[in-house]
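Step one of this worksheet: look at the structure below.
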Amino acid sequence: MGVRQRSFSDDALWGNEPEAPERRDPDELLEGLTEPQRRAVVQRGGPLLVVAGAGSGKTRVLTRRIAHILATGDARAFEIMAITFTNKAADEMRRRVVELVGEDAKSMWVSTFHSACLRMLRAHADVLGYERGFTIYDAGDAESAVERIMKELNLDTKRISPRSVSAKISAAKNEMLSAARFADAGSSDDPNHRRVAEIYALYEARLKLANAMDFDDLLLNAVAMLRQDPAVLDSYQRRFKYLLVDEFQDTNGVQNELVMMLAAQHRNLCVVGDSDQSIYRFRAADVRNILQFEARFPDADVILLEQNFRSTQTILDAANAVIAKNASRHAKNLFTDHGSGERIRLYRAGDEYDEGRWIATELRRARNEAGVEWNQMAVFYRTNAQSRVLEEEMLRAGIPYRVISGMRFYDRKEIKTALAYARLIVNPRDEASARRVINEPKRGIGEAAQAKLGVYAAENSLSFAEAAHYAAAAGLTAKALAGAEKFSFMLDELRAMANDLSPREMIDAIVRETGMGDALRAENSDEAYSRLENLGELASAAAQYDTLMDFVERMALVADSDQLDGGAGAISMMTLHVAKGLEFPLVVITGLEETIFPHRRALSDEAELEEERRLCYVGLTRAMRHLILTHAWSRTMWGQHADALPSRFLQEIPAELVHDLSTSLPTRRASFSRDEEGFVGRGTDFTAGKAFGAGTAPPVRSTGAENLGLAVGDRVVHDRFGAGVVNKVDGSGAHARATVTFDEYGTKQLVLAMTPLRRA
């Protein structure tokens, strides 16, 4: 991937200011606002925190506030900086303000963090020793640079993937750790940390030599530039009399520091956000930035926007009840004038297929009986892998759908690759499949080697895969020859297995024997684990078929029929993270089960659990009139049926708000187990027992760690994280929590009843 060259001409900081435009009546800008919104618009003289609940009109407040500042003459447009998180949001904000006060507003700085930093660096990059025409590396460029360095160091890129190293470097930059500080932050006994630190240092040196920055550098270097040159910092501080930041709960450490530096002189800083909607911890967002704003500015005005203009009161009461369980938040209670509305519909499915079929039926009923159009409906799920069954049931029911901000299940790379292996096992002469997988994962069989195999196959009337058996005769280099021989041997082994294994077992074998699974695990990123989950879901799909050929044929048909209308006349399907910022008259949230939602990673980490609860709150508050929740009593994971425990989030919604549609309940109690990390698992062992009551989950067995009587300073051992020391203990019984700093894995917040912990 090439390096993108960008040019940017910065306007002068001073001089050539436009003449003062004719001002609009400020009072007109307050019309139609609630009292808290009006106070947020007219506030002047110091820091302002606007805690904006879901659907409370925060964008309207931001744009009216900017327009009001201009209309009152408190600042000129070029003296205002507004920061958002997307270019789309920035363009929309600028457009709205221009509509309110005129063309003069176009001279405001309204941009994303990265764009604002780029603009400053283009003007002053020489402060850091860069030329102004520096290039910007995107994620692909950064990963390629890291890979080249690793090869020069003779490191095995299969054992440690360049992507995972690049991700660790990015995370370090988001924590404002230079290469030197990153090296000092790790243990001297940790060879992996030392290796990444060495790569980081070389990577930074290469960037500087190439007069290049990556996207993380735009933020980090902007802060460094302002720190290094007080005159430049002073010029920006004096220019921007008013600074406004949207979605402040999503800022990371570098972004927070940049905001504090720019606002230090005038202190007219307005941040708008909602701690209850902070759901991007995996992207380094730090909810503490908004939670600690008042501590940083004791004189700050705090205004709560609690009136919701989107949802019914029943939906809001459910969301309020769930999020109230979180400790780290600004307390508020959403209300609306839209009335109570209908109760939330809850369906308890037998399994994921029952869940998918019922959702399809319910969506068609809503369209026929309630007049809700397809494009007014959305289905949310926690992980991408869950979309597979839902997509199949929508196709079977003839319901048009589109997957938002992501590919359809069978279009994902890892799924296409695994299916190509399956097709090649069934049909050895499948050239398209052979070409797709011969170097996936990478085996050193590049384009030149593949071209030689293609020529040899044509000259000798062989299939492309057969030509790999004769790689030496085809004239391949030693590296490509070794890869081709390995590929051929692996295919022979898989074909032999196909005689004895079920389709599900064959998908497992493909993931294992081809190296796909090892490659993804070595990558060690959230995206890689998501892909592994998708492959597990493919194995679940294969479990429904008797032969591998049946499965391959069915998948071909699904792929062909997967071309239904993806435009406006379709329901929207997406993960809960993608749903943030959207709204729909009808929303379905699926898979409300422990270890799915909340995700299994959250069950022994209190901070992660609070983030999962915020994610649930975001999902609930996307619904305007109709909200439907579903869970399954059993679900197939990696082709294995297992019992599922209903999500704790369902229990946190008051019963009077819910219409339970279930007509039957399970008659067997699951034996829940724990895996090697101590997370609650869904066992496959059954014993006769009393049926679960509606809305009642079977009890989860405790690890007993809550009864250890732990105190600060005690040494403990975790089954996965190893040895550590207790820093804090809260609560008692099932609610007991502990903060433990582990020798190798850092600090974790643990729910003791769910944690495999013992005294050292």
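Just so you know, we're using numbering that gives the first Met the number 0 here: the sequence shown kicks off at 0 and counts up by one. Positions of the beta carbon are idealized from the N, C-alpha and C atoms, including for glycine.
For the beta strand (DSSP E) assignment, the uninterrupted runs of no fewer than 3 residues enclosed by the region 330-354 are, from N- to C-terminal side, 343-348. Using a Cβ-Cβ distance cut-off of 8 Å, the region 522-533 and the region 354-369 are not in contact, since fewer than three pairs of beta carbons, one from each stretch, lie closer than that value.
Across the set A641, T574, L656 and E610, the C-alpha of T574 shows the shortest separation from the C-alpha of R621. R95 carries a helical assignment under DSSP once its states are collapsed to helix, strand and coil.
Per DSSP, the continuous alpha helix (DSSP H) segment holding N533 begins and ends at D525 to A541. Under the three-state reduction of DSSP, M175 is assigned to coil, being neither helix nor strand.
Secondary structure at I444: coil, using DSSP grouped into helix, strand and coil.
Put simply, the region 416-426 touches the region 490-509. At least three CB pairs are less than 8 Å apart.
Assignment of beta strand (DSSP E) within the region 238-266, counting only whole runs of 3 or more residues, yields 241-244 in chain order. As for any beta strand (DSSP E) of minimum length 3 sitting wholly inside the region 626-654, the runs are 633-636 and 639-642, ordered along the chain. Going by C-alpha positions, A211 is about 15 Å away from Y199.
D245 is classed as buried because its beta carbon has at least 16 other beta carbons within 10 Å across all chains shown. About 6 Å separates the Cβ atoms of R347 and H630, confirming a contact at the 8 Å cut-off. Taking all protein chains shown into account, K157 has fewer than 16 neighbouring C-beta atoms within 10 Å of its C-beta and is therefore exposed. Under the three-pair Cβ rule at 8 Å, the region 39-57 does not count as touching the region 212-222. Contact check for L591 against L628 passes: the beta carbons are separated by less than 7 Å.
Apart from the 5 residues on each side of it in sequence, A601 sits with its Cβ closer than 8 Å to the Cβ of E607, L608, E610 and E611 in its chain, given in chain order. By the criterion of a C-beta distance shorter than 7 Å, K331 is surrounded in its chain by V50, G52, L303 and E305, once the five residues flanking it on both sides are discounted. E392 sits away from F408, with the two beta carbons spaced by 7 Å or more. In the three-state reduction of the DSSP assignment, R407 falls in the coil class, being assigned neither a helical nor a strand state. The Cβ atoms of R95 and T62 sit closer than 7 Å to each other. According to the DSSP secondary-structure assignment, E592 is paired through a beta bridge with P645. In this chain, the alpha helix (DSSP H) harbouring H576 covers L575 to A578.
The straight-line gap separating the alpha-carbon atoms of L619 and N498 is approximately 48 Å. Cβ neighbours of K150 within its own chain (closer than 8 Å, five residues either side excluded): T156. Relative to V724, the option among T746, R75 and P584 whose CA is nearest is T746. Looking from the CA of I403, the closest CA among G397, N383, I588 and G185 belongs to N383. Taking the CA atoms as reference points, H123 sits about 7 Å from R131. In this chain, the alpha helix (DSSP H) harbouring F214 covers F214 to Q227.
For M515 against E413, the beta-carbon gap comes to about 7 Å, under 8 Å, which counts as contact. Contact between the region 95-104 and the region 127-146 is absent: fewer than three C-beta pairs spanning the two stretches fall below 8 Å. Across the structure, A81 and I65 are spaced so that their CA atoms are roughly 9 Å apart. Linking R634 to P597 through their CA atoms gives a straight-line distance of about 15 Å.
At the C-beta level, A221 and C116 come within 7 Å of one another. Taking 3 residues as the shortest admissible run, the region 27-96 contains the following complete beta strand (DSSP E) segments, listed from N- to C-terminal end: 47-51 and 79-83. Residue state for G721 is assigned as strand, using DSSP reduced to three classes.
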